[in-house]
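> All the letters of the sequence shown, read from the start, carry residue numbers -31 to -1, 1 to 690 under mature numbering (1 follows the signal peptide of the UniProt record, and there is no 0). Even glycine gets a Cβ: it sits at the ideal position worked out from N, Cα and C. What you are looking at is a predicted structure, and each value in this text was computed from that prediction instead of being measured.
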Amino acid sequence: MQLGRLGQGLAVSAVSALVITGLGATVPANAADGAGVRLLSVQDGIASVRLDADAPFGRTVTLTAERLDLGATIGFEYNTDPAAGNDSAGWTQVEEGLGFSSQSGAYAIAEWDASSVVGSTVAVRAVATVAATDTTPATTTYSTRNNVVVTGDDSPVEAVSLGLGTFSPFPVSTSNGSFFAQPYADSGKDRDLLTVTGTTSATDGTVELSAWNPQAGSFVGTIAAAVSPASLKVSGGPSTTPVFVDGGAFRGVLDITPFDAGAGDVVAVRAERDSDAVAPVQLRAQAIAQIVSSFSPGRDGAVLTLTVRDQSAYPVPGAEVRRSSDDTVVGYTDSSGQVSDTVPYESVSPGYYVNTTDNDPFDPDVDRQTGEITTPAYEAVATSIEPVFADGTVFDDREYADGDIALQVLDQFGRPWSGEQEVSLDYEVHPSDDAALERETVVVDADGRAVVDFDPAGQDGEYTLAFGFTRREEQLDRSTTFTAGDAVLGLTPLAGTGTSGGQITYDGSLTVGGKPLPGRAIDLAYTPGVEQAPGTSADAALVLDGQRALGGATTTAANGTFAVTVADVVETGNPAETGGTLEVTARGLGDVLDATADFAAGPAGVTPTPTPTPTPTPTPTPTATPGKSVIELRLTGSDARNGSDKLRVRGPRTAAGARVRIHVRTAGGFWRVLRGVDLDEKGRASLTVDDLNGEKVTRYRVRLVPNPTFKAFTSKVLRLR
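1. Counting beta carbon pairs with one atom in the region 414 to 427 and one in the region 368 to 381, are three or more of them shorter than 8 Å?
2. Can you list, in chain order, the residues of its chain whose CB lies under 6 Å from that of glycine 467, leaving out five sequence neighbours each side?
3. Is the beta carbon of leucine 687 sitting closer than 8 Å to the one on valine 629?
4. Taking C-beta to C-beta, are tyrosine 301 and alanine 288 nearer than 8 Å?
5. Under a Cβ-count criterion, where at least 16 other Cβ atoms within 10 Å of its own Cβ denotes burial, should serine 304 be classed as buried or exposed?
6. Nearest by alpha-carbon distance to lysine 680: which of Asp660, Asp659 and Leu602 is it?
7. According to DSSP, what are the bridge partners of glycine 645?
8. On a CA-only basis, which of Arg36, Ser187 and Glu64 is nearest tyrosine 47? Give me that one, please.
9. Tell me the residue span of the beta strand (DSSP E) that contains threonine 104.
10. Rounded to a whole number of angstroms, what is the C-alpha to C-alpha distance between glycine 557 and threonine 683?
11. Where do the N-terminal and C-terminal ends of the beta strand (DSSP E) with tyrosine 669 fall, by residue?
12. May I ask which residues mark the beginning and end of the beta strand (DSSP E) holding lysine 615?
13. So, helix, strand or coil for threonine 450, using DSSP?
14. Short check: CB of valine 533 to CB of leucine 551, under 8 Å?
15. Please check the pair valine 18 and arginine 28, which I expect to be a contact at CB under 8 Å, by giving their CB distance rounded to whole angstroms.
16. From valine 214 to alanine 171, what does the alpha carbon distance come to, in whole angstroms?
17. Determine the direct distance from the alpha carbon of threonine 554 to that of valine 512, and round the result to whole angstroms.
18. Excluding the 5 residues flanking asparagine 55 on each side, which residues of the same chain have their C-beta closer than 6 Å to its C-beta?
19. How would you write the range of the beta strand (DSSP E) that leucine 602 sits in, first residue to last?
20. Look up phenylalanine 139 in the DSSP assignment and say whether it is helix, strand or coil.
21. Span of the beta strand (DSSP E) holding glycine 498?
22. Can you tell me which of the three DSSP states residue 693 falls into?
23. Please work out which residues of its chain come closer than 6 Å, Cβ to Cβ, to glycine 571, disregarding the five sequence neighbours upstream and downstream, and give them in chain order.
24. Within the same chain, show all residues whose beta-carbon is closer than 7 Å to that of residue 693, passing over the 5 residues directly before and after it, in chain order.
25. Provide the residue(s) that pair with alanine 230 in DSSP beta bridges, ordered along the chain.
26. DSSP on alanine 624, reduced to helix/strand/coil?
27. Leaving aside the five residues before and after aspartate 429 along the sequence, list all residues of the same chain whose C-beta is less than 8 Å from its C-beta, in chain order.
28. If you draw a straight line from the C-alpha of arginine 242 to the C-alpha of glutamate 177, how long is it?
29. Assuming alanine 536 contacts leucine 460 (C-beta within less than 8 Å), just tell me the rounded distance between them.
30. Using CA atoms only, rank isn't needed, just tell me which of Ala237, Ile260 and Ile257 is closest to proline 249.
31. Measure the C-alpha to C-alpha separation of valine 277 and glutamine 259 and round it to an integer number of angstroms.
32. Indicate whether the contact test is met: 3 or more Cβ pairs, each with one atom in the region 345 to 361 and one in the region 316 to 327, closer than 8 Å.
33. Could you tell me if glutamate 127 is buried or exposed, where buried requires 16 or more neighbouring beta carbons within 10 angstroms of its beta carbon?
34. On the DSSP bridge list, what partners appear for glycine 216?
35. For glutamate 368, name the three-state secondary structure that DSSP assigns.
36. What are the partner residues of threonine 164, as DSSP defines its beta bridges?
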């Protein structure tokens, strides 16, 4: 942390002593101050020699003190004993090297080469010496900071420097003393704004800036200035090549209005990022001299950057910029003297002006203006490509329609590209487990989109889509994956049980290739069973959005899951209700699952009698309801010959006589019943069906029709050509 070139640009030593007061205290000064001096640096007990500005100055530590006795000579010393007192041995004078020191005026400064004590904890002090006169003896007083940790390159502690601007690598330093007195009282903008710049070893984050209030004995008015990356010079001279390292630059604006300071006065400012740097600046009043404009392409129009500069071409913060067309306010300039406005492309405007007084309309005698501004036509640049999946990156084959997978070209602002030039893309799609295919070249349409050719009848599983702009002898730039196939509907439990008056929750899922299908509609239908209380009807039902219903729908969540609740009504005697059926259907996909819902009788309720003593009601014996079994069927077959496919259904012997239906998937993606058949005494069936799909894949499945013995079951899909 060091002063940088501020001492060269500001003649601090030539400034007479001046006490500036006015802001409330925020941070106490921790040094033990003597009568003649107050140490302002290393406020937090941390010093760093990390490079925070161009070498060699970036390796020093700036020590700054306030001269309380204007007749005193100020020096700086350090002691390797961190607890050293005024009379302790071991104090070493800081050499006033590098040409940066001040021995007169309100403040004293020295650059300390602390490399010899890096990694140590030391004491640092400012020394005020007043020479003897004919009537008074010589006096020496101190302001000491004990337990100061000195860190270096191996420490994460960042260093900071004041006085270097953001114009890397050869910044202008003297702007650090520039302040602008806003004249816009009618708009509530009448502050004195001091621009502070500097550099740091940090590459991001913020640096805290504040100003010293001598009367309060504290730094006040703290603001946070953003750090942007900047290069710091390590070495280099007239005959050598410079070497640069990564660092940061910052620029902020301090409100010094409460100081009631003017041109020529001195204010000490502090920058802090782990360690600190303190520097006195001599104030220089800014007078608005010009406003200039530049533009850059923007997403919603041409972005005009309006920069206000003073008599020395330094940026002016807080200046009021208005539109010449209607005198409306664009805004007030930032720490870089800039404010922006977005205007249509290919437009002409009278321009802008900067107010130099509190009079809003343009005054040609004192205000400054840009003149007429013409913006160019927008030139879209085909910059990037984004894949588009209408049904997401996981979908069922039956959902797919031509155009659902596409490549969208975007311009430099992330908008769909459109332009007169021809833009072509290369792409290829292949199963992820297979080798890449030869790429295809397509030209995007007027909306910057190219449709990807995909065959949903191909194998199920994960696919890789590789794509890029067409270039000679170059590989594709990007790739992404998607999964296509037959959706699998899951539901647990298939045999739901609960207690009378309670509820049963079914957990469902919808997946393709084990990956979730989110945002899909699930249709629900509930058929009540039988209430075991004489003369009453079954009353269990679905609970959807807090309401009871026998039908409705839900939607799969981001992880492809959904939940269904069937609730029974609480009734006197808690009777059983059995035989309810829940049908769950994946809308548009044809997948259907059936589940049962049985509510067993619960403990009998209590029926009050006219007498004060209640008589318990006998508990009825629940009627046992035989449960249904679950069996699995397997569908196999062979490809068509002479236009026919042979299908075979295999089940357990216990399924003998059960009715099954053969389903075939239509071109529209829906399942229709092809034929019904009863299983033989071995639980099997064979049949031949016409194949009307030619050389394309035909999908079959078999479904067991639910009956009093068995629950419904749907087999896996059989694919034949």
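Once the coordinates are examined:
1. yes
2. Ile473 and Phe568
3. No; because the gap between Cβ atoms is not below 8 Å, this pair is not in contact.
4. Going by C-beta atoms, tyrosine 301 is nearer than 8 Å to alanine 288.
5. buried
6. Leu602
7. Arg630
8. Glu64
9. Segment: none, threonine 104 is in no beta strand (DSSP E) and carries neither H nor E.
10. 17 Å
11. 667 to 673
12. 613 to 619
13. strand
14. yes
15. 5 Å
16. 11 Å
17. 17 Å
18. Tyr111
19. Segment: none, leucine 602 is in no beta strand (DSSP E) and carries neither H nor E.
20. Residue confidence is low: phenylalanine 139 scores 27 on pLDDT, short of 50, so the model does not pin down where it sits. No coordinate-derived value is stated.
21. Note, glycine 498: premise wrong, no beta strand (DSSP E); not H, not E.
22. In this structure the chain extends from -31 to 690, so residue 693 is not present and cannot be described.
23. Thr468, Ser469 and Asn543
24. A query on residue 693 cannot be resolved here, the shown segment of the chain reaching from -31 to 690 and no further.
25. Alanine 230 is not bridged to any residue.
26. helix
27. Asp366, Ala453, Gly454, Asp455, Val481 and Gly482
28. Within the model, the alpha-carbon separation for arginine 242 versus glutamate 177 is close to 7 Å.
29. The pair is not a contact, with the Cβ atoms about 17 Å apart (cut-off 8 Å).
30. Ala237
31. 6 Å
32. no
33. Buried, because 16 or more other Cβ atoms sit within 10 Å of the Cβ of glutamate 127.
34. Ala199
35. helix
36. Val222
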